[in-house]
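In order, the protein sequences belong to chains P and Z.
Numbering of the first sequence is given in the numbering used here, commencing with residue 1 and proceeding in unit increments.
Numbering of the second sequence is given in the numbering used here, commencing with residue 1 and proceeding in unit increments.
Below: the structure, in structure tokens.
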Amino acid sequence: MSRLQLHNLGRMFGVVPAVDNVSLTLTDGEFVSLLGPSGCGKTTTLRMIAGFIKPSSGTISVSGTTISSPERMVAPEHRGMSMIFQSYAIWPNMTVAENVAFGLTLRKMPSSEVRARTEKMLSVVRLAHLKDRYPSELSGGQQQRVALARAIVIEPAVLLLDEPLSNLDANLREEMRSEIRRLHDEFKITTVYVTHDQSEAMVTSDRIVVMNQGRIEQVADPVSLYTKPQTRFVAGFIGRTNFLDGLSDGTHIRFDGFSVPADGVKAGPASFSVRPQSISIHAARSADEGRHGDAWWVQAVVAERAYLGEYWDYGITPVLSGQMLRVTAPPATSLSAGQTVWLAIDHRQAARVPAPEACA
Amino acid sequence: MRRFDPLTIVWVLLAAILAFLVINPMLRLVLSSLQAVDTGDWTLANYAIAYGRPRYIQALWNTLMLGVCVTALCLVLAVPMAWAVSRTDMPAKGAIKLLTLAAFVTPPYLGAIGWILLAGPNAGWLNQAWMGLTGSGEGLFNIYSFAGLTFIIALYSFPYLFIFISSALDTVSSEMEDAANVLGCGTLRTMVRITLPLVLPAILGGAIITFLEAIALFGSPALIAIPARFNVVTTQLLQFFSPPVRAEVAAAYAVPLLLITLCLFGLQRRILRRRGFVSMTGKGGERRIIELGPWRWVLLGYSAFVLSLCVLLPYAALSQAALAKAWGRGWHLDNLTLDNFAYLLFRHETAGQSVLNSFYYAGAAACIGIVLTLSIAYIVSRRLLPGANVLGFLCMAPIVVPGIVLAVGFYAAYAPPPFALYGTATLLILAFTTRFLPVGYAQASAAIRGINPEMEEAVRILGGGRIVAIRRVLAPLMRRGMIGAWLLVFIPASRELSTALFLYGPKTRTMSVMLLDLSEEGNFERLAALGFMLLIATMVIVAIGFRFVGRDFMQRRT
Ligand SMILES: Nc1ncnc2c1ncn2[C@@H]1O[C@H](COP(=O)(O)OP(=O)(O)OP(=O)(O)O)[C@@H](O)[C@H]1O
Ligand SMILES: [Mg+2]
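Right under this line is the structure:
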């Protein structure tokens with residue numbers, strides 16, 4: 001019912017495009033994150049959806065009705081949306097209950113119903129006992145919940161969130177991101193969520209839009225985004241990765257310092273993104289030949305190591321190579337720097353990515 | 001096709017109001033100085049008359065000398081006190097600050113009246129005391145002199161400098177001084193080599209403003225210089241305005257004052273813009289209090305002495321005179337009376353009215369000014385309209401216009417037909433509005449900038465229009481700031497003299513004009529009573545401001 005559609009959306013600030021040709025369709029009830037580094041145009045996109053910024057090109061429509069275009073803008077108050085701001089923007093001159101009820105009273109609802117809905121909403125976000133407090137008497141997490149309640153209680157067609165958790169401490173952030181997902185599962189509101197924190201996006205979203213320099217890099221669900229990044233930017237931005245850049249001659253791929261069978265990779269530049277956990281460490285090449293039989297084997301030297309509790313983080317440099325690979329290993333495998341090992345690179349878990357611009 | 005934006009109408013309306021309040025008077029001032037009265041031909045004759053006599057030029061010279069001397073004296077008064085309060089362990093800092101604030105809000109001409117009672121030739125209390133002590137036949141002080149005038153003006157100008165310098169000193173972190181100490185630099189040398197250069201731009205900037213205030217002042221010169229038989233620019237302007245009124249000559253005579261102000265103000269802005277290095281050190285650094293040992297009593301004594309000169313002594317003299325049948329007879333029970341107040345309020349033709357007028361005009365000007373500046377500040381900060389910055393600039397522009405020059409401009413623009421507003425309350429209110437537009441605008445835009453636009457956007461996305469956002473969220477959040485801004489316009493407007501002087505009519509005297517009239521009659525008891533009322537009213541208003549807006553609200557205009 002609330003299908004949000006961005007079509008070739010663009011916004012210039014002066015001569016610089018902040019958002020460039022963004023097209024995206026959200027199905028009814030879908031939760032989509034906009035993820036990207038600082039300054040990539042997430043907020044601008046979100047504020048265009050909300051109606052605070054006019055697009056320089058393209059259109060935005062909800063369920064087929066155009067609400068934004070360079071010629072015509074529906075005012076934010078007539079879009080039936082809700083937004084949660086980075087600053088929360090809880091009105092300090094109203095109590096918690098008044099804040100939450102505000103959107104309902106604007107809709108000329110009878111006051112008994114306003115009260116009933118407000119109270120129900122407050123108990124959903126577990127704030128019923130604080131309803132007569134003023135915002136200055138609340139903790140950051142509680143204020144965040146007020147903002148959520150205030151935005152959701154009006155049952156908006158679209159819910160917009162701009163880095164809602166960035167002002168909270170780490171523990172609270174984890175708790176609140178699950179809370180946001182829980183509320184979404186309960187109310188099924190079409191949601192656009194802006195963040196630069198990938199784990200936030202992965203926990204909450206049905207699909208993630210990775211943006212860079214105003215453009216969309218990739219739109220995908222969290223699993224495919226991690227396992228099948230389509231661009232080097234996405235591979236590097238979502239999780240940690242090693243880029244292996246090589247040249248295929250049809251039979252072998254030559255990487256820096258070692259070469260492997262081409263296995264059907266056509267002649268030309270061949271680049272792969274290999275996650276640290278897709279590389280395993282072995283004392284000798286023969287070990288576990290069965291399981292790692294068709295892995296790419298390379299002899300290497302441990303250059304540095306760090307113990308992170310949940311795993312070991314190694315920097316390992318293949319012999320004859322200048323490139324250090326990041327490898328994670330279970331806490332039990334302790335190697336010391338300078339030790340020579342064999343790496344098995346599981347290329348079925350590696351993603352083919354475009355070659356770096358310099359080589360292409 | 002683009003739809004017509006209703007906000008455009010608002011823009012045009014605001015621009016028209018500012019054109020009326022700011023542009024037209026200044027334009028008329030300059031134009032009328034260049035035109036012959038009867039024919040309207042272009043001419044420089046007005047300038048020839050205005051600067052045609054040695055005594056007119058002497059008045060300009062006196063003004064400049066006065067400005068320089070006042071500024072120098074203010075520095076002597078303000079710098080040690082600001083340093084002591086900001087950086088040392090001098091005791092009783094709170095009391096010193098409070099008394100400085102009292103000096104700050106005292107209208108300079110009231111202080112002048114107090115000092116006439118204290119140091120009038122022979123009859124003044126201090127002279128009486130001197131003669132009593134030494135048996136000399138002649139008093140020590142004569143307030144009716146250039147030195148007396150300098151002294152009085154400085155007493156009531158230095159608080160501004162004090163506030164300015166102490167807030168600059170507050171931003172210099174001790175770490176910078178410590179760094180010098182570690183390298184073997186003594187306390188005094190550190191002061192001179194490190195701290196002083198850091199705050200020097202602030203001192204210079206404050207000194208320029210002090211200079212500008214001093215040369216634009218009318219009240220104290222009228223009370224002191226006229227009896228002392230010398231003129232400054234502002235009193236000379238008054239003479240061009242006494243019958244036969246030669247407004248065009250006054251305009252020509254005022255233009256240089258405007259130019260001087262304009263240039264020095266530009267200079268001040270440039271100096272302060274480069275002071276980045278002071279503010280950059282920020283509040284982050286810990287500030288260490290310098291321990292003075294016994295010297296702290298010396299500094300306290302100095303501060304107390306200065307403040308008793310500008311607050312305690314004149315206030316005492318004023319209240320004694322206000323409550324006395326004849327002030328020269330001193331504090332005796334049978335000399336006490338409230339008749340001076342009764343006379344002013346009930347028997348005098350216009351005095352009671354003038355008190356009401358002052359508050360009415362100031363209140364109206366504050367209301368108009370706040371509504372105007374808030375709307376403009378809102379439009380500017382939310383970038384609602386292209387070209388909004390022009391409106392903001394126009395609001396700040398009167399800051400370079402001395403009050404008396406503004407009055408000449410308003411006279412030139414609105415006294416003649418078709419407006420024919422001379423002597424009306426409307427004209428006074430509008431002139432006051434213009435005069436304090438910059439104060440109002442600075443306050444209004446600070447108040448609006450202090451509120452996150454997201455507060456408003458949250459209203460709009462939930463379905464409320466801009467009006468709802470302003471009414472339900474912006475207005476309640478800005479209430480404190482608005483009261484503060486209103487008071488900061490109201491307080492100076494309620495005692496404004498120089499703007500009122502050329503524009504009032506028989507029915508529209510203000511309290512400040514009334515004071516001047518009474519001083520010409522030479523009845524100091526009634527004069528003091530009127531001043532006393534003004535002082536009490538000011539104190540009450542400042543107290544209200546403290547209560548509702550916070551202790552620092554007076555300082556915020558710096
Ligand atoms: N009002 C504006 N005027 C000029 N440039 C702007 C304006 N707003 C944003 N920009 C520019 O547009 C680009 C995108 O900004 P945007 O705020 O959308 O980034 P963002 O992805 O939200 O970043 P962050 O994660 O830091 O919030 C930035 O380069 C920014 O400098
Ligand atoms: Mg942002």
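Positions of the beta carbon are idealized from the N, C-alpha and C atoms, including for glycine.
The structure displayed is predicted, hence computed values, not measured ones.
| query | With respect to 7 Å, is the separation between the Cβ of Thr43/P and the closest non-hydrogen atom of ligand 1 below this value? | reply | Position 43 of the first sequence holds residue 43/P. Indeed, a heavy atom of ligand 1 lies less than 7 Å from the Cβ.
| task | Might you give, ordered along the chain, the residues of its own chain that have their beta carbon closer than 7 Å to the beta carbon of Gly276/Z, omitting 5 neighbours on each side? | result | Taking the first residue of the second sequence as position 1, residue 276/Z is located at position 276. Residue placement at Gly276/Z cannot be trusted, given a pLDDT of 48 that sits under 50; the coordinates are not used to answer.
| Rounded Cβ spacing between Pro107/Z and Arg526/Z (contact assumed at less than 8 Å) | One-based indexing of the second sequence puts residue 107/Z at position 107. One-based indexing of the second sequence puts residue 526/Z at position 526. Contact doesn't hold; Cβ gap of about 17 Å is too wide.
| Where does the unbroken beta strand (DSSP E) through Tyr314/P begin, and where does it stop? | By one-based count along the first sequence, residue 314/P stands at place 314. Unbroken beta strand (DSSP E) run through Tyr314/P: 312-318.
| If you draw a straight line from the C-alpha of Leu118/Z to the C-alpha of Leu223/Z, how long is it? | Taking the first residue of the second sequence as position 1, residue 118/Z is located at position 118. Taking the first residue of the second sequence as position 1, residue 223/Z is located at position 223. Leu118/Z and Leu223/Z: Cα-Cα distance of roughly 14 Å.
| message | Checking 8 Å against the spacing of the C-beta atoms, do Val302/P and Tyr314/P come in under that value? | response | Walking along the first sequence from the start, residue 302/P turns up at place 302. Walking along the first sequence from the start, residue 314/P turns up at place 314. Yes, the pair counts as a contact, with Cβ atoms nearer than the cut-off.
| field | Chain-ordered chain P contacts of Gly464/Z [CB-CB under 9 Å] | value | Taking the second sequence and counting its residues from 1, one reaches residue 464/Z at position 464. What Gly464/Z touches in chain P: Glu77, Phe102, Gly103, Leu106.
| task | Report yes if the C-beta of Asp245/P is less than 7 Å from at least one heavy atom of ligand 3; otherwise report no. | result | Among the ligands modelled here, namely ligand 1 and ligand 2, ligand 3 does not occur.
| query | Bridge partners of Ile60/P, per DSSP? | reply | As a working mapping, residue 60/P is identified with position 60 in the first sequence. Paired residues: Leu6/P, Ser68/P.
| query | Between Leu169/Z and Ile194/Z, what straight-line distance do the alpha-carbon atoms span, to the nearest angstrom? | reply | Along the second sequence, read from residue 1 onward, the residue named residue 169/Z stands at position 169. Along the second sequence, read from residue 1 onward, the residue named residue 194/Z stands at position 194. Approximately 12 Å between the Cα atoms of the pair.
| Going by beta carbon distance, what residues of the same chain come within less than 7 Å of Thr204/P, once the five residues before and after it are set aside? | As a position in the first sequence, residue 204/P is number 204, starting the count at 1. Closer than 7 Å at the Cβ level, and outside the excluded window around Thr204/P, lie Phe31, Ser33, Arg177, Ile180, Arg181, Tyr193.
| task | Find out if the Cβ-Cβ distance for the pair Leu9/P, Val19/P is shorter than 8 Å. | result | On the first sequence, residue 9/P is found 9 positions in, with the first residue counted as 1. On the first sequence, residue 19/P is found 19 positions in, with the first residue counted as 1. Between Leu9/P and Val19/P, the CB-CB gap stays under 8 Å.
| Hey, quick one: how far does the alpha helix (DSSP H) through Asn99/P stretch, first residue to last? | One-based indexing of the first sequence puts residue 99/P at position 99. Per DSSP, Asn99/P belongs to the alpha helix (DSSP H) from 96-106.
| task | Return yes when at least one heavy atom of ligand 2 lies under 7 Å from the C-beta of Glu137/P, else no. | result | Taking the first sequence and counting its residues from 1, the one referred to as residue 137/P is at position 137. In this structure, the C-beta of Glu137/P stays at least 7 Å away from each heavy atom of ligand 2.
| request: Note down the Cα distance separating Glu138/Z from Asn127/Z, rounded to an integer number of angstroms. | output: Locating residue 138/Z in the second sequence gives position 138, counting from the first residue. Locating residue 127/Z in the second sequence gives position 127, counting from the first residue. Each residue's Cα considered, the two are about 8 Å apart.
| Which same chain residues, not among the five before or five after Tyr378/Z, have their C-beta less than 6 Å away from its C-beta? | Position 378 of the second sequence, counting from 1, holds the residue named residue 378/Z. Excluding residues within five positions, the ones whose Cβ falls inside 6 Å are Ile448.
| task | Taking 8 Å as the cut-off, decide whether the C-beta atoms of Pro80/Z and Tyr302/Z are in contact. | result | Along the second sequence, read from residue 1 onward, the residue named residue 80/Z stands at position 80. Along the second sequence, read from residue 1 onward, the residue named residue 302/Z stands at position 302. In contact: Pro80/Z and Tyr302/Z (Cβ atoms closer than 8 Å).
| request: Go through its chain and collect everything with a Cβ distance to Leu338/Z's Cβ below 8 Å, but skip five positions before and after it. | output: In the second sequence, counting from the first residue as 1, residue 338/Z sits at position 338. Leu323, listed in sequence order.
| Given 8 Å, three or more beta-carbon pairs between the stretch 80-93 of chain Z and the stretch 289-299 of chain Z | These segments touch.
| Who pairs with Trp297/P in a beta bridge, going by DSSP? | Reading the first sequence from its first residue, position 297 is the one you call residue 297/P. Trp297/P is bridged to Ala344/P.
| Which parts of the stretch 51-127 of chain Z are runs of the alpha helix (DSSP H), unbroken and 4 residues or longer, counting only runs that do not cross its ends? | 54-87, 93-105, 108-119
| message | Any heavy atom of ligand 2 closer than 7 Å to the beta-carbon of Asp169/P? | response | Locating residue 169/P in the first sequence gives position 169, counting from the first residue. No, the Cβ of Asp169/P stays beyond 7 Å of every heavy atom of ligand 2.
| field | Through-space distance from Ser259/P to Val327/P, alpha-carbon basis | value | Here residue 327/P refers to the residue found at position 327 of the first sequence. Here residue 259/P refers to the residue found at position 259 of the first sequence. Whole-angstrom Cα-Cα distance: 19 Å.
| query | Mind pulling the chain P residues with CB within less than 7 Å of Pro476/Z? | reply | In the second sequence, residue 476/Z corresponds to position 476, counting from 1. Residues of chain P passing the Cβ test: Asn93.
| request: With a 10 Å radius around its C-beta and 16 neighbouring C-beta atoms as the bar for buried, classify Cys395/Z as buried or exposed. | output: The residue you call residue 395/Z lines up with position 395 of the second sequence. Its Cβ being crowded by 16 or more others within 10 Å, Cys395/Z is buried.
| Where does Asp245/P fall in DSSP's three states? | If you number the first sequence from 1, residue 245/P lands on position 245. If DSSP states are grouped into helix, strand and coil, Asp245/P belongs with the strands.
| request: Answer with buried or exposed for Leu13/Z, where buried requires no fewer than 16 other C-beta atoms within 10 angstroms of its C-beta. | output: Translated into the one-based positions of the second sequence, residue 13/Z becomes position 13. So Leu13/Z counts as exposed.
| query | So with Cβ pairs under 8 Å, would you call Met482/Z a contact of chain P? | reply | The count along the second sequence starts at 1 and reaches residue 482/Z at position 482. Taking 8 Å as the CB threshold, Met482/Z stays off the interface with chain P.
| Segment contact flag, the stretch 509-525 of chain Z with the stretch 97-114 of chain Z, C-beta cutoff 8 Å, min 3 pairs | Pairwise C-beta distances place the stretch 509-525 of chain Z in contact with the stretch 97-114 of chain Z, as three or more of them are shorter than 8 Å.
| request: Could you have a look at Thr8/Z and say whether DSSP puts it in helix, strand or coil? | output: Position 8 of the second sequence, counted from the start, is the residue given in the question as residue 8/Z. In the structure shown, Thr8/Z sits in a helix (DSSP, three-state: H, G or I).
| Cβ distance (whole Å) where Thr253/P is taken to contact Val265/P below 8 Å | Locating residue 253/P in the first sequence gives position 253, where the first residue counts as 1. Locating residue 265/P in the first sequence gives position 265, where the first residue counts as 1. Note that residue 253/P corresponds to Ile in the displayed sequence, not to Thr. Confirmed, about 6 Å.
| task | For Val473/Z, return the contacting residues in chain P, with the cut-off set at a CB-CB distance below 8 Å. | result | Sequence index remark: in the second sequence, residue 473/Z carries index 473 (1-based). Near Val473/Z (Cβ distances below 8 Å), the residues of chain P are Trp91, Asn93.
| task | Apply the 10 Å Cβ neighbour rule to Thr150/Z and answer buried if 16 or more other Cβ atoms are within range, or exposed otherwise. | result | Translated into the one-based positions of the second sequence, residue 150/Z becomes position 150. Around the beta carbon of Thr150/Z, a 10 Å sphere encloses 16 or more other beta carbons of the protein chains shown; the residue is thus reported as buried.
| field | Cβ-Cβ separation, Leu356/Z to Ile376/Z (assumed contact under 8 Å), whole Å | value | For the purposes of this step, residue 376/Z is taken as residue 376 along the second sequence, with counting starting at 1. For the purposes of this step, residue 356/Z is taken as residue 356 along the second sequence, with counting starting at 1. The C-beta distance from Ile376/Z to Leu356/Z rounds to 30 Å, too long to meet the 8 Å contact threshold.
| said: Taking its Cβ as the centre, do 16 or more other Cβ atoms sit within 10 Å of Pro229/P, making it buried, or is it exposed? | reply: Here the question's residue 229/P lines up with position 229 in the first sequence. That one is buried.
| request: Anything in the stretch 446-458 of chain Z with a Cβ closer than 8 Å to a Cβ of chain P? List those residues in chain order, please. | output: Asn452, Glu454, Met455, Glu457, Ala458
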